[in-house]
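Worksheet: one structure, shown below.
Chains as they are written, first to last, in our numbering: chain A, 1 to 308; chain B, 309 to 472.
Have a look at this one:
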């Protein structure tokens with residue numbers, strides 16, 4: 001058994017078996033991370049560049065740590081402090097890096113489809129670390145891993161995805177993945193932040209009422225409002241968004257059942273999540289971050305075999 | 309084969325009286341069937357509570373990661389191996405590369421006092437590394453194109469060693 005794809009551009013291209021393989025391999029890497037020496041020599045002869053054209057804390061550090069735990073050699077590239085600021089094109093930059101014998105490229109870019117473009121023009125394996133409003137596959141994989149770890153299943157799991165569905169690559173990757181794994185999905189948010197034909201296109205439920213969605217779901221994956229991608233006002237103010245769609249402790253207390261709260265980070269406290277929810281007993285937000293390293297190790301390990 | 313497993317268990321005990329400061333580690337995936345049986349046999353002779361038994365997967369330590377993809381199995385070593393006498397158990401010893409990887413993997417869990425190797429089948433004259441077993445069920449002479457597979461009752465039809 002092996003991954004069907006040479007790159008990880010999006011969850012859209014993966015099969016259910018691919019996803020299961022990544023998740024089960026991640027379980028083994030999670031055990032590695034509990035050992036006294038949290039490092040294995042698997043990718044000793046692999047060089048990886050982390051190409052970040054957009055800001056990131058968690059994803060970049062998580063990838064870098066995953067690469068180092070696999071003994072790969074790591075190069076870091078941040079667009080703002082590079083020659084990209086002098087006008088070098090993406091393809092020129094990458095070709096220059098690859099001429100230094102780099103095997104894999106982890107890339108984040110604000111343009112949707114940027115990693116797909118690269119995949120057509122360069123020989124290295126590419127892992128999408130977030131492209132515009134398209135996909136963020138490793139986030140969806142670590143979300144699924146965390147859901148499975150916490151609830152024991154994905155099949156039949158009821159997941160509410162709450163917030164800026166329109167601009168969130170996390171939402172799209174999550175929907176593709178959960179759908180493939182047989183979970184039920186409900187997207188929730190203001191009508192202006194939910195694409196019009198999403199129910200028909202992706203087979204998900206749509207709700208505009210957060211309390212109802214919380215009552216329905218087993219897991220609530222709460223997303224950040226992507227103000228940097230909204231070039232027109234889509235709701236009147238952050239305060240009003242919080243009043244109508246923010247998750248508060250009192251809402252969880254009313255449910256009469258336990259649900260799991262997730263968030264891909266960074267959190268805007270007091271907007272989509274109140275602090276007592278983000279830091280409360282329902283939250284597995286920091287477990288998600290921990291699992292991110294193991295999941296990314298699994299992806300890198302499974303794709304590295306294809307770079308030879 | 310039942311007799312051979314019994315003999316291996318007795319030899320382990322003879323060399324490690326009462327299994328004091330000794331831990332048993334089976335190698336995933338197929339070494340586990342032998343180590344399960346050996347541990348069961350040991351449990352008939354000494355108090356099973358005294359046996360420390362773990363499982364080790366060496367996939368991430370292989371020297372051919374990029375030649376072909378290998379799927380990892382679970383590692384479960386719920387005790388410290390620091391200063392312990394470790395007995396590694398695998399079904400067939402062939403080139404020695406698996407054991408080389410296992411030694412590397414083991415050292416990431418601590419610094420054992422001593423490591424010894426117990427196998428059911430020793431394929432002599434086919435080693436690619438200087439590694440020899442301390443306890444072997446049976447030594448057989450094979451050529452490189454042969455394949456040796458061990459079947460276990462309960463998992464396969466019956467206990468047998470097959471030369472393909």
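Every residue gets a Cβ at the ideal spot worked out from N, C-alpha and C, and that includes glycine. Please read all numbers here as calculations on a predicted model, not as lab measurements.
Does the structure place the segment 170-178 of chain A close enough to the segment 143-157 of chain A that three or more beta carbon pairs sit under 8 Å? The answer is yes - the segment 170-178 of chain A touches the segment 143-157 of chain A, with three or more Cβ pairs under 8 Å.
Among A:37, A:291, A:289 and A:169, nearest to residue 111 of chain A - alpha-carbon criterion: Comparing Cα-Cα distances from residue 111 of chain A to each of A:37, A:291, A:289 and A:169, the minimum goes to A:169.
Exposed or buried, residue 64 of chain A, counting other C-beta atoms within 10 Å across all chains shown (16 or more means buried)? Classification for residue 64 of chain A: buried.
Please state if the CB of residue 31 of chain A and the CB of residue 364 of chain A are separated by a distance shorter than 8 Å. Within the shown structure, residues of chain A are numbered from 1 to 308, placing residue 364 of chain A beyond reach of any answer.
Residue 18 of chain A - containing beta strand (DSSP E), residue span: Run containing residue 18 of chain A: none in the beta strand (DSSP E); it sits in the alpha helix (DSSP H), 16-32.
Is it the case that the Cβ atoms of residue 246 of chain A and residue 228 of chain A are separated by a distance below 8 Å? No.
Would you please state the rounded distance, in angstroms, between the beta carbons of residue 59 of chain A and residue 130 of chain A? I believe it to be under 8 Å. About 7 Å separates the two Cβ atoms, so the contact holds.
Should residue 321 of chain B and residue 353 of chain B be called a contact, given that it needs their Cβ atoms to be closer than 8 Å? For residue 321 of chain B and residue 353 of chain B, yes; Cβs fall inside 8 Å.
is_contact[residue 377 of chain B, chain A] using C-beta, thresh 8 Å: Output row for residue 377 of chain B: interface = yes.
Which class does residue 166 of chain A belong to by DSSP, given the choice of helix, strand or coil? Coil.
Could you check if residue 398 of chain B is buried or exposed, using at least 16 other CB atoms within 10 Å of its CB as the buried criterion? It is buried - the Cβ of residue 398 of chain B has at least 16 other Cβ atoms within 10 Å.
Any Cβ of chain B within less than 8 Å of the Cβ of residue 253 of chain A? No, residue 253 of chain A lies away from the interface with chain B (no Cβ there is under 8 Å from its Cβ).
Would the segment 241-255 of chain A count as touching the segment 273-283 of chain A if we require 3 or more Cβ pairs under 8 Å? The segment 241-255 of chain A, when compared against the segment 273-283 of chain A, does touch it at the 8 Å Cβ threshold.
Taking only the alpha-carbon atoms, compute the straight-line gap between residue 428 of chain B and residue 262 of chain A and give it to the nearest angstrom. Looking at the two C-alpha atoms, the distance is approximately 49 Å.
In this structure, does DSSP put residue 249 of chain A in helix, strand or coil? In the three-state scheme derived from DSSP, where H, G and I count as helix and E and B as strand, residue 249 of chain A is classed as helix.
Using a Cβ-Cβ distance under 8 Å, would residue 317 of chain A count as near chain B? Chain A is shown only over 1 to 308; residue 317 of chain A falls outside these bounds and no answer can be derived.
Mind checking whether residue 380 of chain B and residue 25 of chain A have CB atoms under 8 Å apart? Their beta carbons are under 8 Å apart, which means residue 380 of chain B touches residue 25 of chain A by this criterion.
Rounded to whole angstroms, what's the CA-CA distance from residue 138 of chain A to residue 71 of chain A? Just pull it up for me. The alpha-carbon atoms of residue 138 of chain A and residue 71 of chain A are separated by roughly 20 Å.
Of all Cβ atoms in chain A, is any one closer than 8 Å to the Cβ of residue 447 of chain B? By the rule that beta-carbons nearer than 8 Å mark a contact, residue 447 of chain B does not touch chain A.
Rounded to the nearest angstrom, how far is the Cβ of residue 210 of chain A from that of residue 187 of chain A, given a contact under 8 Å? Contact doesn't hold; Cβ gap of about 11 Å is too wide.
Beta-carbon proximity of residue 333 of chain B to residue 351 of chain B, cut-off 8 Å: Contact: no.
Does the separation of the CB atoms of residue 104 of chain A and residue 124 of chain A fall below 8 Å? Residue 104 of chain A places its beta carbon less than 8 Å from that of residue 124 of chain A.
Counting only Cβ-Cβ distances shorter than 9 Å, please list the residues of the segment 23-56 of chain A near chain B, keeping chain order. Cβ contacts with chain B come from 24, 25, 27, 28, 29, 31, 32, 35, 36, 37, 38, 39, 40, 41, 42, 43, 44, 45 and 46.
Evaluate residue 52 of chain A with the Cβ neighbour count: other Cβ atoms within 10 Å of its Cβ, from every protein chain shown; 16 or more gives buried, anything less gives exposed. By the 10 Å Cβ count, residue 52 of chain A comes out buried.
Alpha helix (DSSP H) runs contained entirely in the segment 155-222 of chain A, provided each spans 4 or more residues: For secondary structure counted as the alpha helix (DSSP H) over 4 or more consecutive residues, the segment 155-222 of chain A holds these complete runs in sequence order: 169-180, 198-202 and 210-216.
Of the residues A:6, A:2 and A:224, which one's Cα is nearest the Cα of residue 269 of chain A? Distances from the alpha-carbon of residue 269 of chain A to those of A:6, A:2 and A:224 put A:224 closest.
If we require 3 or more residues per run, which beta strand (DSSP E) segments fall completely within the segment 420-445 of chain B? Entirely contained in the segment 420-445 of chain B, the beta strand (DSSP E) runs reaching 3 residues are, in chain order, 422-432.
Contact list for residue 2 of chain A against chain B, beta-carbon separation under 8 Å: The contact set of residue 2 of chain A on chain B, defined by CB atoms closer than 8 Å, consists of 377 in chain order.
Mind checking which residues open and close the alpha helix (DSSP H) that includes residue 108 of chain A? Taken as a continuous stretch (DSSP letters only), residue 108 of chain A belongs to no alpha helix (DSSP H), being part of the beta strand (DSSP E) at 104-109.
Counting C-beta neighbours from all protein chains within 10 Å, is the total for residue 451 of chain B 16 or more, i.e. buried, or is it exposed? So residue 451 of chain B counts as exposed.
Does DSSP classify residue 146 of chain A as helix, strand or coil? If DSSP states are grouped into helix, strand and coil, residue 146 of chain A belongs with the helices.
Using a Cβ-Cβ distance cut-off of 8 Å, determine whether residue 326 of chain B contacts chain A. Output row for residue 326 of chain B: interface = no.
Considering only residues of the same chain and omitting the five flanking positions on each side of residue 98 of chain A, which have a CB-CB separation below 7 Å? Once the five neighbours on either side are set aside, the close Cβ partners of residue 98 of chain A are 122 and 124.
Below 7 Å CB to CB, which residues in the same chain sit around residue 473 of chain B once its five sequence neighbours on both sides are set aside? No answer is possible for residue 473 of chain B: the residues shown for chain B start at 309 and end at 472.
For chain B, find out if any of its Cβ atoms is closer than 8 Å to the Cβ of residue 300 of chain A; answer yes or no. For residue 300 of chain A, not one C-beta of chain B is nearer than 8 Å to its own C-beta.
Kindly identify the DSSP beta-bridge partner or partners of residue 52 of chain A. Answer is A:78 and A:108.
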